[in-house]
Amino acid sequence: MDRRGINDIGASIDAAVKAIEPDLIEVRRDIHAHPEIGFDVERTAGVVAAELDKLGIAYRAGIGRTGIVADIAGGAPGPMLLIRADMDALPIHEMTGLPFASTVAGKMHACGHDIHTATLIGVGAVLKDLAPQLRGTVRLVFQPAEETQESGAAAMIADGALEGVDMALAFHNSPGMATGRFGYIHGASTASADSFDITVRGRSGHAARPQDTIDPIVAAAYLVTQLQTVISREINPAEGAVVTIGSIAGGATHNIIPDSCTLRGTVRARSPEARATAEAALRRIVQGIALSHRVECDLDYGLGVPPLMNDEKMLEASVAAVRQQFGDVVHETPPGFGAEDFAFFSERVPSFHLRVGASQPGRDDHLHNSDYQPDEGCIGLGVAALSRSAVELLS
Numbered sequence: 001m002d003r004r005g006i007n008d009i010g011a012s013i014d015a016a017v018k019a020i021e022p023d024l025i026e027v028r029r030d031i032h033a034h035p036e037i038g039f040d041v042e043r044t045a046g047v048v049a050a051e052l053d054k055l056g057i058a059y060r061a062g063i064g065r066t067g068i069v070a071d072i073a074g075g076a077p078g079p080m081l082l083i084r085a086d087m088d089a090l091p092i093h094e095m096t097g098l099p100f101a102s103t104v105a106g107k108m109h110a111c112g113h114d115i116h117t118a119t120l121i122g123v124g125a126v127l128k129d130l131a132p133q134l135r136g137t138v139r140l141v142f143q144p145a146e147e148t149q150e151s152g153a154a155a156m157i158a159d160g161a162l163e164g165v166d167m168a169l170a171f172h173n174s175p176g177m178a179t180g181r182f183g184y185i186h187g188a189s190t191a192s193a194d195s196f197d198i199t200v201r202g203r204s205g206h207a208a209r210p211q212d213t214i215d216p217i218v219a220a221a222y223l224v225t226q227l228q229t230v231i232s233r234e235i236n237p238a239e240g241a242v243v244t245i246g247s248i249a250g251g252a253t254h255n256i257i258p259d260s261c262t263l264r265g266t267v268r269a270r271s272p273e274a275r276a277t278a279e280a281a282l283r284r285i286v287q288g289i290a291l292s293h294r295v296e297c298d299l300d301y302g303l304g305v306p307p308l309m310n311d312e313k314m315l316e317a318s319v320a321a322v323r324q325q326f327g328d329v330v331h332e333t334p335p336g337f338g339a340e341d342f343a344f345f346s347e348r349v350p351s352f353h354l355r356v357g358a359s360q361p362g363r364d365d366h367l368h369n370s371d372y373q374p375d376e377g378c379i380g381l382g383v384a385a386l387s388r389s390a391v392e393l394l395s
């Protein structure tokens, strides 16, 4: 594609988005009113399939149980770019009072995956028309089960969603950023999320005769405080990590030392190195507590999603594309410790995770909140940003 074509592409994308934006908002509202959780997104996948049929885009359903994969071939050979959206909702009862609020008690699109699904349908519509100008192939991936412990991304990868893919893009609506703005983070866009369960086993007895017992609660208390040194003394502060004990339970009354005490927690890290260091340190501390307090410690350490690492070249190309489309509206945003299973894609191919501003004026919205109300204007803006990124990456 010559540079004149590249320069004209922005106006073409804007016009295409303007034409389809009202329909995308209606699709989003339909999905929002009928939220589905985890892998049980059959209706949502059906909506996606119907929209792809309208666009004349061939697709494969049932990938990763309920996911959909659709390829758009360009006019010339080239690499394959994957663009992913997640489809699942959350087990939250909606309190927005919107006309299109959830019709399913206890379920709500409180993370904006309805926004994501509608956005990727729009990207498909725009890129279908621009396909003759692309060098390569765009793969649209509509994924279930991003919010669940069992990952829909991993399931789709196991079913071949990444076969032939050279690079990948994903995106997330951001209520902390004004609509019309975009964000990025160098390095880890999101953190890893691992979990652990520790059962401390001692010997029960009367509280008045502790010498006849082995107290698991005292050992557990030392364990809680010792685990805080993993972050303060073993992780490079520039990398960042978190160890949190979210639950501790042991004993049933005032005057009995129990047989056991259980702790549950999470480890978050923003680099593979910090993740590995934190796990090794936690295991060593648990062994040390067992030895020093004469208790037995059973540790069940579960590896969850890895950190989502942004590839620097993908980041630079995508950020430049957004600037070409909109001007100086994309900026680096502060890092955090949320998790995102697009990380399984980023482990395997160069990837970039774009933040799309979604706040409404006068509101202070937060993800995973029963009153979450993102600005629907972020749909069309996301379509334009991702479409322009695809054009630049495949030109």
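If you're matching positions, the sequence shown starts at 1 in my numbering and goes up one per residue.
Note that the Cβ used here is the ideal one computed from N, Cα and C, for glycine as well.
- Out of Ala49, Thr225 and Leu303, the CA that lies nearest to the CA of Glu279 is found in Leu303.
- Around the C-beta of Arg363, fewer than 16 other C-beta atoms lie within 10 Å, and the residue is accordingly described as exposed.
- Secondary structure at Ile231: helix, using DSSP grouped into helix, strand and coil.
- Taking the Cα positions, Ala221 is about 29 Å away from Pro272.
- The beta carbon of Leu81 is closer than 8 Å to those of Gly136, Thr137, Val138, Arg139, Val165, Asp166, Met167, Ala168, Leu169, Ala390, Leu393 and Leu394 in its chain, skipping five residues each way along the sequence.
- Runs of the beta strand (DSSP E) lying entirely within the region 274-344, each at least 3 residues long, are 296-305 and 330-332 in chain order.
- Counting every other CB atom within 10 Å of its CB across the protein chains shown gives Lys18 a total below 16, marking it as exposed.
- Under the three-pair Cβ rule at 8 Å, the region 365-385 counts as touching the region 122-135.
- Secondary structure note for His172: its beta strand (DSSP E) is the uninterrupted segment Met167 to Ala178.
- Within the region 216-270, the complete alpha helix (DSSP H) segments of 4 residues or longer fall at 216-234, listed in chain order.
- Going by C-alpha positions, Ile25 is about 7 Å away from Glu376.
- Between Glu234 and the set Arg275, Pro258 and Ile115, the nearest pair of CA atoms involves Arg275.
- When the alpha-carbon of Pro361 is set against those of Thr253, Gly180 and Glu94, the nearest one is in Gly180.
- Taking every protein chain shown into account, the CB of Pro144 has 16 or more other CB atoms within 10 angstroms, so this residue is buried.
- Taking C-beta atoms as the reference points, Val356 and Asn173 count as a pair closer than 7 Å.
- Between the alpha carbons of Gly62 and Ala154 lies a gap of roughly 14 Å.
- Secondary structure note for Ser189: its beta strand (DSSP E) is the uninterrupted segment Ala188 to Thr190.
- Just measuring C-alpha positions, the residue of Ser189, Asp212, Val41 and Ile217 sitting nearest Val200 is Ile217.
- One thing to note: Ala191 has its Cβ no nearer than 7 Å to the Cβ of Arg283.
- Secondary-structure assignment with DSSP links Tyr372 through no beta bridge to anything.
- His254 and Asp215 have their C-alpha atoms some 14 Å from each other.
- Of the residues assessed, Arg209 falls on the exposed side of the cut-off, its CB having fewer than 16 other CB atoms within 10 angstroms.
- His116 and Gly240 have their C-alpha atoms some 28 Å from each other.
- Beta-bridge pairing by DSSP links Ala193 to Arg268 and Val305.
- Restricting attention to Asp371, Ile68 and Pro334, the CA atom closest to the CA of Ala101 is found in Asp371.
- In the pairwise beta carbon analysis, the region 94-113 is classified as touching the region 33-50: at least three pairs are separated by under 8 Å.
- Pairing Glu163 with Ile72, the inter-Cα distance amounts to about 15 Å.
- Under the DSSP definition of a beta bridge, Met80 partners with Thr137.
- Between Asn310 and His353 a beta carbon distance of about 6 Å is seen, short of the 8 Å cut, so the two are scored as contacting.
- A straight-line Cα-Cα distance of about 46 Å links Gly112 and Gly202.
- Ranked by Cα distance from Ser247, the first of Phe171, Phe344 and Thr266 is Thr266.
- Taking a contact to require three or more Cβ pairs closer than 8 Å, the region 281-299 and the region 323-340 do not qualify as touching.
- Judged by beta-carbon spacing, Val141 lies within the 7 Å limit of Ala161, meaning their Cβ atoms are closer than that value.
- Under the criterion of beta carbons closer than 8 Å, Thr66 and Ala45 qualify as touching, at roughly 5 Å.
- Using a Cβ distance threshold of 7 Å, Ile257 and Ala207 count as a contacting pair.
- Residue state for Arg43 is assigned as helix, using DSSP reduced to three classes.
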